[in-house]
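Student:
2 protein chains.
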Amino acid sequence: MLVAQVGEFGLLDRLRAIVEKQDDTVLLGIGDDAAVVTYPHHVVMTTDAMVYGIHFREDLIGDVAIGYKAVVASLSDIAAMGAKPMHLLITLAVSQTQEVEQLEAIYRGIKIACDRYDVTVIGGDIVSTPGPMMISVTATGTLYAQQPLKRSGAKTDDLVFVTGDIGGSGAYIDYQKHHDRVVLSPEDIDALQRRHQEPTPQILAGELLAHFKGCTSTNDISDGLASELHEIAAASGVGIVIEADRLPICPAVRHYCKRTQRDAESFALYGGEDYQIVGTVSPISAGALLAQAQAQGIRVSLIGRVIEDTPQVTLIDHGQHHVIGKNGYDHFRQKEDE
Amino acid sequence: MLVAQVGEFGLLDRLRAIVEKQDDTVLLGIGDDAAVVTYPHHVVMTTDAMVYGIHFREDLIGDVAIGYKAVVASLSDIAAMGAKPMHLLITLAVSQTQEVEQLEAIYRGIKIACDRYDVTVIGGDIVSTPGPMMISVTATGTLYAQQPLKRSGAKTDDLVFVTGDIGGSGAYIDYQKHHDRVVLSPEDIDALQRRHQEPTPQILAGELLAHFKGCTSTNDISDGLASELHEIAAASGVGIVIEADRLPICPAVRHYCKRTQRDAESFALYGGEDYQIVGTVSPISAGALLAQAQAQGIRVSLIGRVIEDTPQVTLIDHGQHHVIGKNGYDHFRQKEDE
């Protein structure tokens with residue numbers, strides 16, 4: 025069924041039916057000029073857009089996963105602020121000849137993320153475009169503590185940490201596009217695929233870090249570890265040094281790189297879309313952070329330290345110091361095959 | 025200068041410089057994973073997207089006005105909920121070959137609206153698209169009263185009101201596309217152009233209505249009066265009867281229609297983008313509403329009444345009753361020349 029056959033209002037009704045739910049904090053949800061919500065505390069807000077062909081491709085990710093991932097990208101930002109995700113507004117730009125069933129599948133993915141992470145769609149907008157499909161997600165959250173976790177608090181001698189493992193999403197794109205005849209174990213393929221298609225926003229880690237006194241800065245990894253570290257360095261006015269052999273690279277990325285003579289560190293630094301949290305912690309508190317994270321089943325790795333320097337990022341690899349560029353995923357400067 | 029020359033981060037810096045400002049309710053503004061804001065009361069949220077070629081066209085509206093109008097469309101929704109507009113998140117989807125200067129002009133329009141209506145841009149996202157430019161604005165507000173103004177409260181015997189005048193924006197599009205050789209006075213051309221390019225969101229009216237006890241429902245007019253009345257009728261489970269000779273049609277629309285043998289009521293009912301508020305008021309309070317509005321310099325007209333009926337809208341024109349369709353601006357069903 026085509027979008028043109030059901031019209032804007034018919035499409036709205038169908039998509040609304042997929043995501044609508046009861047939520048005590050939603051005084052008025054989808055269906056009026058605006059939604060009305062209530063928060064116990066300061067409100068965190070972010071918006072994140074994805075364009076078909078730029079941020080997602082049919083051959084790399086299914087429709088349900090597109091919806092899921094569009095939500096996760098926003099929740100990841102909220103988590104990295106030390107806030108509990110609460111509400112979503114979804115804007116869809118679609119062509120008249122798009123299949124309604126495809127949009128419903130995307131909304132089922134949105135629904136899965138909403139149920140899994142306890143957030144509610146409270147509204148949105150649907151517009152027609154002759155261009156590629158676009159999904160824009162505005163997410164809100166409420167702070168766990170009195171203050172948000174910002175990029176700007178890193179201090180000299182702080183240690184740099186990162187949650188989970190990194191590089192998997194970027195390596196999956198590379199695998200699919202250039203090396204899908206490389207022999208990888210089903211477990212490795214599955215591991216890479218899940219990191220690309222079904223990433224986990226670090227909401228538990230965000231809660232832990234919000235309550236943890238020694239955490240001085242955080243950033244979520246959407247554009248790549250190098251880019252996010254640059255942002256912390258610039259916002260905090262410090263230098264950052266990280267060690268290559270401390271990077272928690274996804275094991276499947278190492279296996280893939282071994283078979284293809286590719287550089288696993290590149291995926292870790294520049295791959296992007298890991299949706300982990302990178303941040304800094306005062307040196308005296310680092311041990312406590314690792315212990316508390318372990319107790320809650322959250323993986324946290326120390327990967328480097330903050331130095332008094334111009335805002336740049338240095339990688340130590342086999343004893344060599346390399347000043348590394350931002351070079352994260354810049355949508356306007358990407359190469360054709362990225 | 026092209027977008028590709030400055031890159032995503034360079035573009036962000038330039039556009040941020042245009043709209044950033046001091047605001048006591050913004051604890052953390054543009055530049056981190058998310059913004060942090062604080063509200064005195066329940067929060068109203070809405071999002072509104074505009075696509076180049078669908079919602080705006082170069083020949084009908086300049087770049088500054090595009091930015092201004094994108095903001096106004098969202099503020100109009102907030103006002104119609106009985107809320108004071110507070111914060112904006114702006115998402116831009118642009119091509120790599122777009123002129124940065126054009127985007128800066130759009131942002132100057134956003135800035136004008138922000139200053140005029142006392143709202144603050146707290147964040148957003150910029151993404152690349154091979155398709156047409158799109159601007160999506162998420163707006164928040166805080167309720168003036170304990171309860172929002174909804175679509176669903178209209179009751180039998182209530183009277184129907186509308187603020188300001190209507191039809192001007194739709195007539196301007198028609199004038200530009202089909203009849204720009206029609207002789208109109210400079211005052212009439214200016215009146216139509218301002219209604220299309222620089223509409224006024226009904227924020228004062230929203231505040232008045234929020235505090236006014238007898239107001240039972242409201243809706244902002246973005247898709248056309250007929251469509252908005254249908255939404256009130258459907259949400260409230262009532263019928264609505266309006267009288268053609270009571271419609272506050274913009275005088276310039278009447279002049280234009282007289283010279284072109286066009287139907288002024290059609291522009292009033294289906295033109296859309298008037299950004300006025302239509303609503304219902306209990307019959308005993310209608311006089312007080314008119315008096316209070318007049319005292320504040322807000323134009324309010326009574327145009328019909330609510331009846332016990334199936335949710336439909338009836339127009340009385342020269343004594344004839346016509347059941348009229350929704351037929352507002354449906355982006356997916358629009359004709360080529362709409």
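So the sequences go chain by chain: A and B. According to the numbering used here, the first sequence holds residues 25 to 362 in order. According to the numbering used here, the second sequence holds residues 25 to 362 in order. Heads up, the beta-carbon is just placed ideally off N, CA and C, and yes, glycines get one too.
For the candidate residues B/G349, B/Y131, B/E123, whose alpha-carbon lies nearest to that of B/V30?
Tutor: Selected option, being the one with the closest Cα: B/E123.
Student: What residue ranges within the stretch 223 to 257 of chain A form continuous alpha helix (DSSP H) runs of no fewer than 4 residues, ordered along the chain?
Tutor: Listed in chain order, they are 227 to 235.
Student: Is the Cβ of A/D149 closer than 9 Å to any Cβ of chain B?
Tutor: Yes, because at least one Cβ of chain B sits closer than 9 Å to the Cβ of A/D149.
Student: Quick check on this structure: which residue in B/R286, B/V347, B/G147 has the alpha carbon closest to the alpha carbon of B/D198?
Tutor: Among B/R286, B/V347, B/G147, the Cα nearest to that of B/D198 is on B/R286.
Student: Say whether chain B places a C-beta atom closer than 9 Å to the C-beta of A/G63.
Tutor: Rather than Gly, the amino acid found at residue 63 of chain A in this sequence is Tyr. Yes, its Cβ sits closer than 9 Å to a Cβ of chain B.
Student: Check whether the Cβ atoms of A/L39 and A/I150 sit closer than 9 Å, and answer yes or no.
Tutor: The answer is yes: Cβ separation under 9 Å.
Student: A/T71 and B/T115 - do their beta-carbons sit closer together than 9 Å?
Tutor: Against a cut-off of 9 Å, the Cβ pair of A/T71 and B/T115 comes out as a contact.
Student: List the residues of chain A whose Cβ lies closer than 9 Å to the Cβ of B/N243, in chain order.
Tutor: Going along chain A in sequence order, the residues near B/N243 (Cβ under 9 Å) are D56, D57.
Student: When you check each C-beta in the stretch 64 to 86 of chain B against every C-beta of chain A, which residues fall closer than 8 Å?
Tutor: If the cut-off is 8 Å between Cβ atoms, the stretch 64 to 86 of chain B has H66, V67, V68, M69, T70, T71, D72, A73, M74, V75, G77, I78, H79 near chain A.
Student: For the alpha helix (DSSP H) containing B/K135, list its first residue and its last residue.
Tutor: Unbroken alpha helix (DSSP H) run through B/K135: 124 to 141.
Student: Are the C-beta atoms of A/R40 and some chain C residue less than 9 Å apart?
Tutor: Note that chain C does not occur in the displayed structure, where the protein chains are A and B.
Student: My understanding is that B/L253 touches B/V337, with C-beta atoms under 8 Å, so please give their C-beta distance in whole angstroms.
Tutor: Contact flag correct, Cβ pair sits at about 5 Å.
Student: Under 8 Å between beta-carbons, which chain B residues line up against A/G303? List them in chain order, please.
Tutor: Here the premise fails: no neighbours, minimum Cβ distance about 11 Å.
Student: In whole angstroms, what is the alpha-carbon distance linking B/T153 and A/H220?
Tutor: Approximately 21 Å between the Cα atoms of the pair.
Student: At least one CB of chain A closer than 9 Å to the CB of B/D37: is that the case?
Tutor: No, no contact with chain A.
Student: At least one CB of chain A closer than 9 Å to the CB of B/M25: is that the case?
Tutor: No - not a single Cβ of chain A is within 9 Å of the one on B/M25.
Student: Have a look at A/E360 and B/I322 and give me their C-alpha separation to the nearest angstrom.
Tutor: Model confidence at A/E360 stands at a pLDDT of 34, short of 50, so the residue's coordinates are unreliable; what they give is reported in the following sentence. Their backbone Cα atoms lie some 55 Å apart in a straight line.
Student: Return the bridge partner residues of A/A7 from the DSSP annotation.
Tutor: The structure shown does not extend to residue 7 of chain A, since chain A is modelled only from 25 through 362, so no value can be given for it.
Student: Comparing alpha-carbon positions, which option in B/A41, B/A59, B/I42 lies nearest B/T49?
Tutor: Considering only alpha carbons, the answer is B/A59.
Student: In whole angstroms, what is the alpha-carbon distance linking A/A89 and A/Q316?
Tutor: C-alpha separation (whole angstroms): 32 Å.
Student: With a threshold of 9 Å between beta-carbons, can B/V43 be considered close to chain A, or not?
Tutor: Answer no: the Cβ-Cβ gap between B/V43 and chain A never drops below 9 Å.
Student: Under 8 Å: do the stretch 160 to 176 of chain B and the stretch 92 to 102 of chain B share three or more Cβ pairs, one atom per stretch?
Tutor: Enough Cβ pairs lie closer than 8 Å, so yes.
Student: Could you say which of A/L112, A/V68, A/K108, A/G349 lies nearest to A/G248 if we only look at CA atoms?
Tutor: Among A/L112, A/V68, A/K108, A/G349, the Cα nearest to that of A/G248 is on A/G349.
Student: Let me see if you follow: with CB-CB separation under 9 Å, is A/H346 close to chain B or not?
Tutor: Chain B, which has no Cβ nearer than 9 Å to the Cβ of A/H346, makes this no.
Student: By DSSP, does A/R329 sit in helix, in strand, or in coil?
Tutor: The answer is strand: DSSP assigns A/R329 an E or B state.
Student: Please state if the CB of B/A292 and the CB of B/G165 are separated by a distance shorter than 9 Å.
Tutor: No, Cβ-Cβ distance for B/G165 and B/A292 is not below 9 Å.
Student: Apart from the five residues on each side of it in sequence, which residues of its chain come closer than 7 Å, Cβ to Cβ, to A/V67?
Tutor: The residues are T164, T166.
Student: Nearest chain B C-beta to A/D101 closer than 9 Å, yes or no?
Tutor: Judged by the 9 Å Cβ criterion, A/D101 is in contact with chain B.
Student: Name the chain A residues whose beta carbon is nearer than 7 Å to that of B/T162?
Tutor: Per Cβ cutoff of 7 Å: T71, L113, T162.
Student: Using beta carbons (cut-off 9 Å, strictly below), is B/V60 in contact with chain A?
Tutor: Judged by the 9 Å Cβ criterion, B/V60 is in contact with chain A.
Student: Between which two residues does the alpha helix (DSSP H) holding B/Q316 run?
Tutor: It spans 310 to 319 - the alpha helix (DSSP H) in which B/Q316 sits, taken as one unbroken run.
Student: By alpha-carbon positions, which one of A/D47, A/A107, A/I42 ends up nearest to A/M69?
Tutor: Of the candidates A/D47, A/A107, A/I42, the one whose C-alpha sits nearest the C-alpha of A/M69 is A/A107.
Student: Consult DSSP for B/G191 and reduce its assignment to one of helix, strand or coil.
Tutor: B/G191 falls in the coil class under three-state DSSP.
Student: With a threshold of 16 other CB atoms inside 10 Å of the CB of A/I266, please say whether the residue is buried or exposed.
Tutor: Answer is buried; the Cβ neighbour count reaches 16.
Student: By the DSSP assignment, the beta strand (DSSP E) with B/T70 in it spans what residues?
Tutor: Element bounds for B/T70: 67 to 75.
Student: Nearest by alpha-carbon distance to B/S290: which of B/I301, B/P307, B/P272, B/G303 is it?
Tutor: Closest option to B/S290, Cα to Cα, is B/P272.
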